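J.: Heads up, the working numbering is the position in the sequence shown plus 57, with the first residue counted as 1. No residue lacks a Cβ here, since even glycine has one placed at the ideal position from N, Cα and C. All values derive from a computational prediction rather than experimental measurement.
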Amino acid sequence: MAEWEKGNCLATKNAHSGTNALSQPMRSQTPLYNRILFRILLPVILVGILASTILILSLSPPLEKKLVRQLNSNLDLSSMLGLQACEEAFNYMLELRLEDDPEMNQTVQQEVKNKLSLVREHFQYINIVILSSETDYLFNTEQKSLMKWDGPPLSDKNNSYIDFSIEGKEVKAFVREFPFWDWHIVSYVYKTDYTEPIRQAYLITYLSTTIVFVSTIITLLVVYIFFINRPLKSLISATNSVSEGEFRRVQVIPKSELGYLTHSFNSMVSNLEKEKNEVQSLITQLQESSAMLRLVLDNIPVRVFWKDLDLKYRGGNQFFAEDAGLDHYEQLIGKTDFDLDFARQADKYRSDDRSVIEEGASKLLYEEEQDRPDGTTSWVQTNKVPMRGEDGKIIGLLGTYQDITSQKKAEEEVRQLRNYLSNIIDSMPSVLVGINNNLIVTLWNKEAEKRTGISRFDSIGKKITQVFPDYWINLEMIELTLKNKQEYILRKQQRKKDNQNIYENHTIFPLIIDGLEGAVIRIDDATKEVILENQLNQSRKLEAIGSLAGGVAHDFNNMLGGIIGSAELLLLQGDKPEKVKQYTNIIIESSARAADLTSKLLAFSRQQHKTSTAIDVHKIIDETISLLENTVDKRVSIKKDLTAEAHVIVGDPAQIQNAILNLGINASQAMPHGGQLSIRSNNVTLDSVYCESSVFDLSPGNYIKIEIRDTGVGISIDIQDRIFDPFFTTKEKGKGTGLGLAAVYGSIKQHSGAITVYSEINAGTVFRIILPLSDQEVDYDQSPHELLTGSGSILVVDDEEVMRISAKSILNELGYDTTLAVNGEEALELYRKERFDAVLLDMIMPVMNGKDCFEKLRKIDPDVRVILASGFSREQDVQVMKSMGLREFIQKPYRITELSQKLHDVLAQS
């Protein structure tokens, strides 16, 4: 098509050149001047000049007379208005009878002058002055002041016109007299001003005549140009245009010779133009179709190309050309894929092309890579179809593609985000289930699969009631959430197949995303949380029970102190019969067992003072195992596995040994037919997170963990939260006090440790104890106490009479002088009178307790030696008193040997 257009343009150009050559001789014979115009204008100009002269001469005199009359009338009128203003003002004063008032006269005259100024503004060129009879100027509307009157006397000039000069300028005026004020009102105009309208009238007459004359000439010219000259020129120009191939018509002038001529010319042009238009219409349609096709191709938001059977490009749109690294789509013609920027993919592209051409089948919507001119690689979605000619044979291939790189990237990002969110959801320890408004499951995470045993495939798309059993979910809460768009939280208790109770927190919250409504069900295992809550409640309950137990133990210890002390004093009397000694020993042993019972109560309540020494836990365990091997049923085998590298703690060895021994005995009793008792140890490190979540008072650091495990009958979950309660026992009557585990619990807490239990029916029980480690060294050389006598003065302070009498007897037997006090105040009075070598001080007393008494004793004597003796005292109080100078502490009920050793040690101190 381009070649055809090129040839057509060349032929048209040659035709135009030939027409121009024929028309040139005719143009050279046409004159540039026109005699017709000259013959018309010359007589018109002469007649116009003559007519204008006559018109001016006939109009000027009447016009001048009219202007003079108008001027005189204005002078008369302006002076009359001035006189009228004077008369109105004077009449006003007469009515008020103020004509003789000078001040009023002056005011009214000024108002009249102001009115004259306003009158002057209405008359062009006219000025007004007021003169006295002596021709003195009283008022002048001109801006300048007039020094001297140059006109005639005014006494006889009333109501008359006068001519005179003002400062050398000729003036015409009209005079009116107002005798009451001796005023002459003169309206005047300078001659130069009143002759100006006459001059303007002459000028207007001249100009009007000239304009009429010129207009006539112009009208004739216009008539000639438009009705004669222009039609002729138009006809000549149209003739030349036709000769050059431009078919232009000439406007027809009706009812004239030129009109007939132009009509014939236009008929000829119409016939010629019709023939040319038919040809041009076909060409235009073809060009428009081609242009529209190109416009569509270059604006369609896809890449378009077509190839011939040799797989060479025959065309494409501009977008495709730019993708191929070319500046213009015409550069595509004749090239192959190997010649373009995506040559790396050429073999694949051509293979697809051959497949489409050979099979005659389209290949649609497939994705492939394409190299770009900037060195990047993009993804495109391609369509290729065979092109067929009019005979139906394949003549080539048509292809289109779209750049889907951004779409692929977005899909990948969405996929990654979906995987990321899916991983988050699947890694959560909570069951997450999503449902829509119709209760259809839309989300099912891995924890849901794990907890229910139902796969995601078997759950999604089904109703929630088909997936979850009725007892697992609360359908009413789910429906309320969907209805009210409000979050609901509830706790449910479930029972596993092994009859173990588990607790779950069910959270159901509404979900609205992009117009889709539903809910999410989150199920969290709350068993540990419930256990911790129960442990906390149990701990609080034990604290309350412990306070009660401590009070009981205090009174009991005081009574036991008197019994044991008296019994030991009896044994010191050597002249007693053997039968008496035997009974006395029975009393002492029974009292010791009773004291051990109260010790357990105090250990549970954590009111018992513990000895703070470095303890080798492994040594305690070894000693305890030796005791157990000689105590428990021989069918119970004891296995030891002590792997803790660090095993030194600070505390009371007796309490720790009793705790392990109690647990060992309980474990053996849980295996009536034999079994295995395992005692293990290892080191653990606790962080702040664990310590803060524990119900025990733990601090971050290094600990030793002791595990005591049996293979016995186990403990039912229903009573596991009660096993540390005082006096709670599952043993037969007479086989247990119910204080063993309570004492263990109290001792472990008193040592800043923790104890937990896990048990399954018929599978055994395991107790785990953790105790904080210490860097202190253990003193393995500890000799037993022996009875030591001495001398000195001792003050015994106790509110219990039995304890006072018993202590006095024991101290006297040991060689000491003893003084007794009932309470703290009495002790202070005695100490002020006499300094004692030592004070044996009770803790809990009326009037003044031991702690307050000790503080006041320190004020009296900073070096006072005090031994605190108590059956019930808080550990923290004892530690505070030790920090203040307390020398020793002895637990009631105490033995004579223990008291003698404490006194000997205290008195030996400086």
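(1) Count the other CB atoms, across all protein chains shown, that sit within 10 Å of the CB of VAL904; report buried if there are 16 or more and exposed otherwise.
(2) Buried or exposed for LEU960, going by 16 or more other Cβ atoms inside 10 Å?
(3) With burial defined as no fewer than 16 other Cβ atoms inside 10 Å of the residue's Cβ, what is the status of LEU852: buried or exposed?
(4) What are the boundary residues of the beta strand (DSSP E) that PRO443 is part of?
(5) By DSSP's criteria, LYS229 is part of a beta bridge. Which residues make up the other side?
(6) Looking at C-alpha atoms only, which residue of ASN531, LEU343, LYS405, GLY491 is the closest neighbour of LYS519?
(7) For ASN906, which option in LEU124, GLY881, LYS691, ILE947 has the closest C-alpha, if you only look at C-alpha atoms?
(8) Under 8 Å, do ALA576 and LEU539 count as touching if we go by C-beta distance?
(9) Among the residues of its own chain, which have a CB less than 7 Å from the CB of GLY769, if the five just before and after it don't count?
(10) Terminal residues of the continuous beta strand (DSSP E) containing PHE893?
(11) If contacts are defined as beta-carbon pairs under 8 Å, then ASN591 and ASP775 qualify, I think. What distance do you get, rounded to the angstrom?
(12) Are there three or more Cβ pairs, one per stretch, closer than 8 Å when the stretch 414-426 is compared with the stretch 326-340?
(13) Run the CB neighbour count on LEU264, radius 10 Å, all protein chains shown included, and call it buried at 16 or more, exposed below.
(14) Do the stretch 234-245 and the stretch 184-195 touch if we need at least three Cβ pairs shorter than 8 Å?
(15) Three-state secondary structure (DSSP) at ALA505?
(16) Count the other CB atoms, across all protein chains shown, that sit within 10 Å of the CB of THR522; report buried if there are 16 or more and exposed otherwise.
(17) Report, in whole angstroms, the separation of the C-beta atoms of PHE753 and ALA716, which I expect to be a contact under 8 Å.
(18) Exposed or buried, which one is ILE761 when buried takes at least 16 other CB atoms within 10 Å?
(19) Quick check: what's the CA-CA separation for TYR458 versus PHE376?
(20) Quickly, what does DSSP pair ASP673 with across the bridge? List them, please.
(21) In its own chain, which residues sit with a C-beta less than 6 Å from the C-beta of ALA403, not counting the 5 before and 5 after it?
(22) Helix, strand or coil: which one does DSSP assign to ILE106?
(23) Which of the three DSSP states, helix, strand or coil, is assigned to SER512?
(24) Find the nearest neighbour of VAL814 within the set TRP501, ILE805, LYS806, ILE826, judged by alpha-carbon distance.
(25) Measure from the alpha carbon of ASP581 to the alpha carbon of each residue in HIS563, LEU138, LEU352, ASP448, then state which is nearest.
(26) Just list the residues that DSSP pairs VAL26 with in beta bridges.
(27) Between GLN664 and SER516, what straight-line distance do the alpha-carbon atoms span, to the nearest angstrom?
(28) Quick check on the DSSP output: the alpha helix (DSSP H) that includes ARG475 runs from which residue to which?
(29) Less than 7 Å between C-beta atoms, sequence neighbours within five positions excluded: which residues of the same chain meet that for SER816?
(30) According to DSSP, which residues form a beta bridge with VAL186?
(31) With distance defined between alpha-carbon atoms, name the residue in GLU387, ASN440, ILE452, ASP380 nearest to PRO430.
(32) Is ILE35 helix, strand or coil by DSSP?
(33) Please work out which residues of its chain come closer than 7 Å, Cβ to Cβ, to MET83, disregarding the five sequence neighbours upstream and downstream, and give them in chain order.
(34) Drop a sphere of 10 angstroms on the beta-carbon of ILE102, count the other beta-carbons inside from all chains shown, and report buried for 16 or more, exposed for fewer.
(35) For ALA583, decide whether its Cβ has a neighbour in chain B, counting only Cβ atoms nearer than 8 Å.
(36) Among all the DSSP beta bridges, which residues are the ones paired with HIS563?
T.: Let me spell this out:
(1) Here residue 904 refers to the residue found at position 847 of the sequence shown. With fewer than 16 other Cβ atoms within 10 Å, it is exposed.
(2) Position 903 of the sequence shown, counted from the start, is the residue given in the question as residue 960. Counting Cβ neighbours within 10 Å, LEU960 comes out buried, since at least 16 surround it.
(3) Position 795 of the sequence shown holds residue 852. Buried.
(4) The count along the sequence shown starts at 1 and reaches residue 443 at position 386. Taken as a continuous stretch (DSSP letters only), the beta strand (DSSP E) holding PRO443 covers 434-445.
(5) Sequence index remark: in the sequence shown, residue 229 carries index 172 (1-based). Note: LYS229 sits in a beta bridge opposite ASP220, VAL246.
(6) Along the sequence shown, one-based indexing puts residue 519 at 462. Measuring from the Cα of LYS519, the nearest candidate turns out to be GLY491.
(7) As a working note, residue 906 is residue 849 in the sequence shown. Ranking LEU124, GLY881, LYS691, ILE947 by Cα distance to ASN906 puts GLY881 first.
(8) Within the sequence shown, the letter at position 519 stands for residue 576. Within the sequence shown, the letter at position 482 stands for residue 539. Against a cut-off of 8 Å, the Cβ pair of LEU539 and ALA576 comes out as a contact.
(9) The residue given as residue 769 occupies position 712 in the sequence shown. So the qualifying residues of the chain are ALA724, ALA727, MET728, GLY732, GLY821, THR822.
(10) Along the sequence shown, one-based indexing puts residue 893 at 836. It is not in any beta strand (DSSP E) - PHE893 carries neither H nor E in the DSSP assignment.
(11) Translated into positions along the sequence shown, residue 591 becomes position 534. Translated into positions along the sequence shown, residue 775 becomes position 718. With a Cβ gap of about 12 Å, ASN591 and ASP775 do not count as contacting.
(12) no
(13) The residue labelled residue 264 in the question sits at position 207 within the sequence shown. Burial call: exposed.
(14) yes
(15) On the sequence shown, position 448 is the one that residue 505 refers to. Here ALA505 sits in helix by DSSP.
(16) Counted from its first residue, the sequence shown places residue 522 at position 465. By the neighbour-count rule (16 or more Cβ atoms within 10 Å), THR522 is not buried but exposed.
(17) Residue 753 sits at position 696 when you count from the first residue of the sequence shown. Residue 716 sits at position 659 when you count from the first residue of the sequence shown. Actually they are not in contact, since the Cβ atoms of PHE753 and ALA716 sit about 15 Å apart, beyond 8 Å.
(18) Numbered from 1 along the sequence shown, position 704 holds the residue referred to as residue 761. Looking at its Cβ environment, which holds 16 or more other Cβ atoms inside 10 Å, ILE761 is buried.
(19) Looking up residue 458 in the sequence shown gives position 401. Looking up residue 376 in the sequence shown gives position 319. Those two C-alpha atoms are separated by around 11 Å.
(20) By one-based count along the sequence shown, residue 673 stands at place 616. BP columns for ASP673 point to VAL705.
(21) Position 346 of the sequence shown holds residue 403. Hits under 6 Å: ASP394, PHE395.
(22) Against the sequence shown, residue 106 aligns to sequence position 49. Of the three classes helix, strand and coil, the one that applies to ILE106 here is helix, per DSSP.
(23) In the sequence shown, the residue the question calls residue 512 occupies position 455. Coil at SER512, not helix or strand.
(24) Looking up residue 814 in the sequence shown gives position 757. Measuring from the Cα of VAL814, the nearest candidate turns out to be ILE826.
(25) Working through the sequence shown from its first residue, we reach residue 581 at position 524. Among HIS563, LEU138, LEU352, ASP448, the Cα nearest to that of ASP581 belongs to HIS563.
(26) Residue 26 falls outside the range modelled here, since the chain spans only 58 to 967, and no answer is possible.
(27) Indexing the sequence shown from 1 puts residue 664 at position 607. Indexing the sequence shown from 1 puts residue 516 at position 459. No answer about GLN664 holds up, because its pLDDT of 46 lies below 50 and its placement is not dependable.
(28) Here residue 475 is taken as the residue at index 418 of the sequence shown, counted from 1. Where ARG475 is concerned, the enclosing alpha helix (DSSP H) stretches over 462-484.
(29) What you label residue 816 is simply residue 759 of the sequence shown in a count that begins at 1. If we look at SER816 and ignore the five residues flanking it on each side, its Cβ neighbours are GLY771, ILE772, GLN777, THR822.
(30) Here the question's residue 186 lines up with position 129 in the sequence shown. Answer by DSSP bridge pairing, in chain order: ASN197, VAL243.
(31) Working through the sequence shown from its first residue, we reach residue 430 at position 373. The candidate whose alpha carbon is nearest that of PRO430 is ASP380.
(32) With the chain covering 58 to 967 only, the question about residue 35 has no answer from this structure.
(33) By one-based count along the sequence shown, residue 83 stands at place 26. With a pLDDT of 41 at MET83, under the threshold of 50, the modelled position of that residue is not reliable, and no figure is offered here.
(34) On the sequence shown, residue 102 is found 45 positions in, with the first residue counted as 1. That one is exposed.
(35) Of the protein chains in the structure, only one exists, and it is not chain B.
(36) In the sequence shown, residue 563 corresponds to position 506, counting from 1. In the DSSP output, where bridge partners are listed per residue, HIS563 has LEU547, ILE580.
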